[in-house]
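Protein chains in written order, with numbering that gives the first Met the number 0: chain A, 0 to 612; chain B, 0 to 444.
Every residue gets a Cβ at the ideal spot worked out from N, C-alpha and C, and that includes glycine.
To keep things clear, I will list the structure first and then write my remarks on it.
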Amino acid sequence: MGLSLRNSWDVLVVGGGHAGIEAAYAAARMGQNTLLVTMHLDLIGQMSCNPSVGGIGKGHIVREIDAMGGAMGELADRSGIQFKMLNTRKGAAVQAIRAQCDRSRYRIEARRLLDSQPTLFLRQGEIVDLEIINGQITQVILQDGSKLQCRSLVLTTGTFLNGRLHVGLDAVSGGRGGERATSGLSSVLSDKCGLSLGRMKTGTPPRLLGRSIDFGRMLPQPGDDPVPFFSLFAPPDRLFYGGPQKPCFLTSTTDRTREIISANLDRSPLYSGKIHGIGPRYCPSIEDKIVKFPHRSTHHIFVEPEGVDVDEFYPNGISTSLPLDVQEKIVSSIPGLENAIILRPGYAVEYDFVFPDQLDRSLRARPLSNLFLAGQINGTTGYEEAAGQGLVAGINAALLVSGRPPWHPDRQSSYLGVMVDDLVTHSVDEPYRMFTSRAENRLYIRNDNAVDRLTPQALLLGLLPPWKAEAYSQRESFQRTLKAALTNTRKEGKTLLDHLRSPDCSLADMIGDGLPGHFSQAPANWLSSLEQEIKYEGYVRISNDRWNRMEDLPIPPEILELELPGISREVRHRLKKERPARLSDAQSLRGVTPGSIDLLRISILKHHKKIDQ
Amino acid sequence: MEPVVAPVTLLVPQPVGILRLSGDNLPDRIRPLFPALPSSLEHRHIYRASIIDEGNPVDDCLILYFEGPRSYTGEDVIEIHAHGNPHNIRHILSLLQRQGIRFARPGEFSLRAYQNKKISLLKAESLHRMISAPSYSDFQEAHTHYTASGSHPLFTIREDFLNLLALFFTFLDHPDEEEEALSELSPKVLAARIQTLDDSLSNVIKRTTKARRPYNGFSVLIAGHPNSGKSSLFNRILKDNRAIVSPIPGTTRDLLEGRLSFPFGDLVLLDSAGIRPSEDRIEQEGIRRTRQSFSRADCILWVACPDFPILPDPALLSKQEKPVFFLWNKVDLSPPSDPSLFHHLVSAKTRRGLSRLSDRLRCLAEDFYTSASSGSSTLDSDRQLNTLRSLRSAVREARSFLEKGQIDLALGALEVGRQVVDDGVGAVPYSDIYDRVFNLFCLGK
Ligand SMILES: Nc1nc2c(ncn2[C@@H]2O[C@H](COP(=O)(O)OP(=O)(O)OP(=O)(O)O)[C@@H](O)[C@H]2O)c(=O)[nH]1
Ligand SMILES: [Mg+2]
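The following block contains the structure:
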């Protein structure tokens with residue numbers, strides 16, 4: 000090995016997927032010498048499933064990543080071909096953006112972003128072994144024989160751990176269509192690192208040639224106008240190719256589809272018992288949908304464009320691992336796809352994952368002092384979930400190296416916190432996907448206020464370049480001025496602020512009618528986030544109250560022996576077992592509800608009173 | 000835990016008296032008193048042994064042994080069956096206390112069972128209701144809750160509530176223009192489901208408040224002017240001498256309860272302080288209690304007599320939708336001037352008219368119990384009632400948000416209800432709710 004090759008790194012990230020990108024990018028922004036090792040440099044930022052970023056719950060995560068100066072929102076904005084705000088009629092707390100992206104453009108933008116970081120380097124290679132001394136990883140060993148020293152290591156190997164691809168009853172080793180899997184790393188994790196592993200599966204549909212599709216038989220699904228971009232600091236003013244947004248197309252399966260699938264179930268690796276991994280219920284294969292909901296005669300299919308330069312489409316909704324001849328029959332049974340030509344067959348992939356309750360809240364694997372895991376390796380699905388964990392792991396890998404305490408995203412103020420908390424306390428029994436229903440404090444952790452919630456923390460961590468810090472303070476002072484104007488302007492005996500609290504009053508209507516017109520010059524998000532803050536203020540206070548009204552009292556051990564009225568048996572048992580020292584510790588215990596924390600708090604206060612007397 | 004003991008049978012002369020003990024290492028704790036016991040006892044076996052006090056045999060007993068945790072409380076449990084003379088039982092209790100075994104507090108056995116996870120709080124409440132049930136049908140209902148908790152109204156309500164949450168989760172987490180499954184869901188459908196839940200909550204609450212009587216059974220209040228003979232009647236009907244009878248007006252100061260047990264259920268008879276203007280503070284309080292019982296009791300007997308031929312102040316009886324009977328007591332002295340004003344002419348002294356009066360009360364009680372046990376189940380405790388009341392207010396708040404189109408806020412309100420259910424019925428993990436989503440809907444692309 001040439002001496003000119005550097006081989007000692009502060010933070011080493013393994014994997015070039017969405018988790019790896021965020022991890023490496025975060026560590027590099029924090030000034031660490033960072034190396035990202037991946038099996039194929041051209042495939043950094045590959046979207047292995049559908050070419051889309053965001054969605055309900057997921058889009059919230061993208062916004063949080065963006066508020067912390069991360070990559071995903073900007074990459075999606077710079078490669079997006081269609082953008083939509085979802086759930087617009089159900090309340091601001093559950094709204095989120097989803098973008099269709101140009102698959103290859105996304106990769107190019109990802110590569111460009113990483114290459115632009117002065118302390119970030121890339122290396123193609125496959126990890127085969129780790130050297131561990133006294134519970135600390137000292138170096139990683141590549142298949143080509145090189146040894147790379149590192150002070151902290153982030154593993155983001157996605158579906159590549161012992162990956163197996165299934166098409167019909169044939170199975171080959173692989174991490175993604177056309178790519179190799181890593182085989183040795185699983186046993187290193189279990190045998191050398193003492194982590195216990197499980198197995199999961201997921202799948203993709205066949206990809207289709209555009210000119211063989213009859214789009215006239217499908218319903219076009221356009222994007223929103225104006226385009227709702229993710230990025231809060233510097234949203235682009237147009238799509239990367241300058242043109243109009245590309246539509247998706249809606250069609251659906253038919254009775255014929257169902258007959259074909261039912262007749263061929265014995266050739267499905269899912270139903271013939273060849274696949275054992277646990278799959279995501281919310282992303283079922285078409286086989287699953289037909290078997291589990293036999294009374295449903297049709298299932299929607301969204302035909303999504305793969306990009307502007309390629310004539311390839313992704314029929315979202317018919318993920319399958321049936322053999323190719325059956326896939327062809329399924330496709331041709333669908334209106335508009337009668338003559339569609341398959342460019343790449345669909346497949347199911349099975350892979351190893353690490354049960355995430357072996358991690359701490361900084362996503363560090365507890366048996367080792369400097370190993371962090373992020374993404375699908377932790378049993379999650381989705382680019383956004385992976386990226387969010389990558390951000391958390393990258394930050395903590397960097398903090399560890401610089402001797403600073405770890406950073407834990409807070410469950411009450413971010414989806415990142417909800418996700419990390421769910422993973423490390425409850426582990427997973429199916430691939431974990433974000434939903435707004437997972438977040439108790441969803442009225443506060445909204446899509447529109449990610450900057451207010453997370454940018455201050457990003458500033459403290461040193462994740463933002465000066466221009467973003469500047470943009471943040473401008474936004475702050477703009478909103479302060481606007482709020483003052485709302486408070487000081489009265490209309491019909493009430494302040495505009497009070498008017499705005501009502502659900503049928505909008506800020507846009509007030510500008511020019513009560514408020515000076517220049518306020519409308521500000522970026523749309525500056526206005527909408529303030530508007531929602533005012534509308535939700537009253538309710539957020541109520542739901543935050545549950546958490547904040549308590550100072551963090553110490554729990555006298557004897558109190559756990561008392562009969563605590565109203566606290567359920569399960570919770571009592573848990574408290575007795577774990578013996579938390581403070582309310583905050585009790586709060587983080589699995590299954591301990593906010594209600595029982597309140598009751599515990601009351602009991603502690605009563606107990607103090609009794610002792611005082 | 001430290002060993003405790005309590006008599007299970009009443010301290011009255013009877014063939015057998017039973018003491019129950021619970022605690023850790025019980026056989027060793029009692030062996031000094033029963034030297035004949037084998038060195039190790041077997042679970043669910045019966046032993047015969049004498050109690051020996053300082054070398055002298057005290058009584059010949061049967062000992063039943065349940066080894067913890069396979070016992071009611073989850074600790075070692077022992078029952079001692081001795082001869083049921085109350086003095087004997089008291090003596091054995093004192094011997095046990097000398098061994099360091101203290102008296103159990105009321106409900107302590109069930110509390111321990113609850114703490115040792117042998118029964119849930121709900122079961123403990125069902126058990127308590129079983130023990131104090133005023134009628135057999137009430138007992139049976141509590142017993143069903145105890146043995147088959149799925150039949151408990153709290154569980155059916157919880158099921159409905161969790162299904163409702165699952166619908167909200169589904170609706171809010173999936174874009175409706177895309178998920179075909181969501182065509183079955185709309186704010187309208189959600190509102191209808193909320194209404195159904197509100198209705199069943201109100202139903203259970205109403206049924207329970209109606210069935211749960213303040214005096215735990217069908218109650219009859221005896222009221223009237225002081226010295227009209229209320230206490231005398233009370234004693235006669237109960238065939239007891241519990242109430243003090245005297246010629247001094249204002250004798251009875253406190254509400255006195257007596258219970259008659261019929262095959263269909265209990266009749267609770269209440270003797271009360273006579274109503275008159277009074278300066279005496281204690282008597283005033285007694286009269287206040289009497290007035291209070293007017294609204295609580297299920298039936299009222301108003302007693303008049305020759306010295307006080309008065310009918311009650313109409314204000315007392317207004318808004319009372321319960322049977323009120325006017326009695327003329329001391330008919331042995333003189334009849335009323337207008338007999339048509341009175342339902343019963345009686346004499347506590349000669350017992351005239353009393354059996355007809357007793358029959359009447361019995362019929363009323365029987366009607367009450369037959370109409371109460373209409374088959375639909377009620378709650379076991381006030382705590383459960385409060386849980387459902389808080390749940391109902393959360394559900395109503397959710398509905399009012401939903402009506403304004405604020406669906407995320409509606410779910411926020413339901414989440415408050417979820418805390419109530421968590422604390423009141425037992426915590427529900429997120430995954431439990433999400434399982435419902437996937438059983439109901441085919442979601443995802
Ligand atoms: N002759 C006769 N005397 C009766 C009868 N019933 C009660 N008395 C007498 O009336 C007096 C008052 O009887 P109580 O039963 O104490 O009357 P009370 O209504 O409970 O009186 P207070 O407790 O003071 O309100 C006593 O001396 C009884 O012996 C009856 O039917 N005939
Ligand atoms: Mg009396």
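Residue j beta carbon less than 8 Å from that of residue i
{"i": "residue 160 of chain A", "j": "residue 350 of chain A", "result": "yes"}
{"i": "residue 324 of chain B", "j": "residue 303 of chain B", "result": "no"}
{"i": "residue 9 of chain A", "j": "residue 235 of chain A", "result": "no"}
{"i": "residue 24 of chain A", "j": "residue 70 of chain A", "result": "yes"}
{"i": "residue 136 of chain B", "j": "residue 429 of chain B", "result": "no"}
{"i": "residue 519 of chain A", "j": "residue 510 of chain A", "result": "yes"}
{"i": "residue 153 of chain A", "j": "residue 396 of chain A", "result": "yes"}
{"i": "residue 401 of chain B", "j": "residue 190 of chain B", "result": "yes"}
{"i": "residue 251 of chain B", "j": "residue 270 of chain B", "result": "yes"}
{"i": "residue 305 of chain B", "j": "residue 215 of chain B", "result": "no"}
Buried or exposed by the 16-neighbour rule on C-beta atoms within 10 Å, applied to residue i
{"i": "residue 431 of chain B", "result": "exposed"}
{"i": "residue 218 of chain A", "result": "exposed"}
{"i": "residue 310 of chain B", "result": "exposed"}
{"i": "residue 108 of chain B", "result": "buried"}
{"i": "residue 31 of chain A", "result": "buried"}
{"i": "residue 384 of chain A", "result": "buried"}
{"i": "residue 507 of chain A", "result": "exposed"}
{"i": "residue 279 of chain A", "result": "buried"}
{"i": "residue 207 of chain B", "result": "buried"}
{"i": "residue 245 of chain B", "result": "exposed"}
{"i": "residue 15 of chain A", "result": "buried"}
{"i": "residue 83 of chain A", "result": "buried"}
{"i": "residue 386 of chain B", "result": "buried"}
{"i": "residue 571 of chain A", "result": "buried"}
{"i": "residue 225 of chain B", "result": "buried"}
{"i": "residue 2 of chain A", "result": "Legend: pLDDT at residue 2 of chain A = 37, less than 50; position of this residue unreliable, value from coordinates given subsequently. Exposed is the call here."}
Closer than 8 Å at the beta carbon, the chain A residues around residue i
{"i": "residue 173 of chain B", "result": "55"}
{"i": "residue 403 of chain B", "result": "502"}
{"i": "residue 119 of chain B", "result": "568"}
Paired residues, beta bridge with residue i - DSSP
{"i": "residue 59 of chain B", "result": "B:49"}
{"i": "residue 178 of chain A", "result": "A:175"}
{"i": "residue 346 of chain A", "result": "A:203"}
{"i": "residue 208 of chain A", "result": "A:311"}
{"i": "residue 78 of chain B", "result": "B:19 and B:63"}
Chain A contact residues for residue i, given Cβ-Cβ distances below 7 Å
{"i": "residue 414 of chain B", "result": "439"}
{"i": "residue 429 of chain B", "result": "437"}
Neighbouring residues, chain B, relative to residue i (Cβ below 9 Å)
{"i": "residue 290 of chain A", "result": "Ordered by position in chain B, no residue passes the 9 Å Cβ test against residue 290 of chain A, which lies about 11 Å from the chain."}
Beta-carbon neighbours of residue i, restricted to chain B and to distances below 8 Å
{"i": "residue 569 of chain A", "result": "425 and 426"}
{"i": "residue 442 of chain A", "result": "407, 408 and 411"}
{"i": "residue 572 of chain A", "result": "116"}
Within chain C, the residues that residue i reaches when beta carbons sit closer than 9 Å
{"i": "residue 379 of chain B", "result": "As a matter of chain content, chain C is missing from the structure shown, whose protein chains are A and B."}
Chain A residues whose Cβ lies nearer than 9 Å to that of residue i
{"i": "residue 160 of chain B", "result": "Result: empty, since nearest Cβ-Cβ is about 15 Å, beyond 9 Å."}
{"i": "residue 148 of chain B", "result": "Those within 9 Å of residue 148 of chain B in chain A number zero; the least Cβ separation is about 13 Å."}
Proximity test, residue i beta-carbon vs ligand 4 heavy atom, cut-off 7 Å
{"i": "residue 397 of chain B", "result": "As for ligand 4, it is missing from this structure, which binds only ligand 1 and ligand 2."}
Interface residues of chain B facing residue i [CB-CB closer than 7 Å]
{"i": "residue 538 of chain A", "result": "408 and 411"}
{"i": "residue 436 of chain A", "result": "168, 171 and 172"}
Notebook entry, point to check: Can you list, in chain order, the residues of the segment 308 to 320 of chain A whose Cβ is nearer than 7 Å to any Cβ on chain B?
Noted result: Per Cβ criterion, the list reads 315 and 316.
Notebook entry, point to check: Can you list, in chain order, the residues of the segment 246 to 270 of chain B whose Cβ is nearer than 8 Å to any Cβ on chain A?
Noted result: Contact residues of the segment 246 to 270 of chain B toward chain A are absent (C-beta to C-beta distance below 8 Å).
Notebook entry, point to check: Of the residues that make up the segment 63 to 92 of chain A, which ones have a beta carbon closer than 8 Å to any beta carbon in chain B?
Noted result: The segment 63 to 92 of chain A vs chain B, Cβ under 8 Å: 85, 86, 88, 89, 90, 91 and 92.
Next item on the list: Note down, in chain order, all residues in the segment 52 to 71 of chain B with a beta-carbon under 9 Å from any beta-carbon belonging to chain A.
Entry: If the cut-off is 9 Å between Cβ atoms, the segment 52 to 71 of chain B has nothing near chain A.
Note to self: Residues of the segment 499 to 525 of chain A in Cβ contact with chain B at a cutoff of 7 Å, in chain order, please.
What the structure shows: Result list: 502.
Item checked: chain B contacts from the segment 265 to 283 of chain A (Cβ-Cβ distance under 8 Å) -> Answer set for the segment 265 to 283 of chain A: 279, 280, 281, 282 and 283.
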